[in-house]
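Single-structure report; data block below.
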Amino acid sequence: MGPSPRLVALLIFSPLHLLSLSFGFEIKEATVSQIQQAFKRKELTSRDLVEFYLREIKGLNPLLRAVLEVNPGALDQADEADKEREATYGDCAEGLHGIPVLLKGNIATRDWLNTTAGSLALLGSVVPRDAGVVRRLRAAGAIILGKASMSKWAEFRSLKTPMGCNAIGGQPK
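With mature numbering (1 follows the signal peptide of the UniProt record, and there is no 0) applied, the sequence shown corresponds to residues -24 to -1, 1 to 149, in that order.
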């Protein structure tokens, strides 16, 4: 039968709580403003933050199936944000600069990530450009961490499909 999802989550979150303590604040519940303040105080880097979220995804996604894919360039984007922050003595540490975000699977990104709307038919397709919201996020310095799960075709094709079910990631919990 195996361990319950609650036990698995407890085992995964316990070590991560200790990691949060090393940052001097509760990183899992931190607001963007608190993270930006930690950047300015040099208690946290964008790389630290992206690595933290990648560990969270790696640990929880096999159970939850909430993330379709992670951006292989996310750590490079984090390093770039850290360099920009260092070069400006922290002046750019505001808003979404250096903050990782997940996008819904139907939001177009012109990078390594797939834009599938949860459908295998679009896997590997190339979009002509970033969606407007992605252009604005990138301009604000946000780090595109990956694509989040969604109902296939945003449930446009059928109301009978289970909520959240898609061909790429399966049924999220």
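Note that CB positions come from ideal geometry on N, CA and C, so glycine has one too. Note that the structure is predicted; figures quoted are calculated from it, not measured.
Please classify residue i: does DSSP put it in a helix, a strand, or coil?
i	result
residue 110	helix
residue 63	helix
residue 43	strand
residue 35	helix
residue 79	strand
residue 16	helix
residue 57	helix
residue 89	coil
residue 116	coil
residue 6	coil
Run the CB neighbour count on residue i, radius 10 Å, all protein chains shown included, and call it buried at 16 or more, exposed below.
i	result
residue 61	buried
residue 64	exposed
residue 113	buried
residue 105	exposed
residue 102	exposed
residue 23	buried
Cβ of residue i within 9 Å of Cβ of residue j?
i	j	result
residue 73	residue 118	yes
residue 122	residue 3	no
residue 21	residue 42	no
residue 82	residue 45	no
residue 25	residue 75	yes
residue 12	residue 69	yes
residue 78	residue 124	yes
residue 48	residue 88	yes
residue 85	residue 120	yes
residue 110	residue 71	no
Is residue i near the ligand ZN - that is, is its Cβ less than 8 Å away from at least one heavy atom of it?
i	result
residue 104	Judged by which ligands are present, the structure shown has none, so any question about the ligand ZN falls away.
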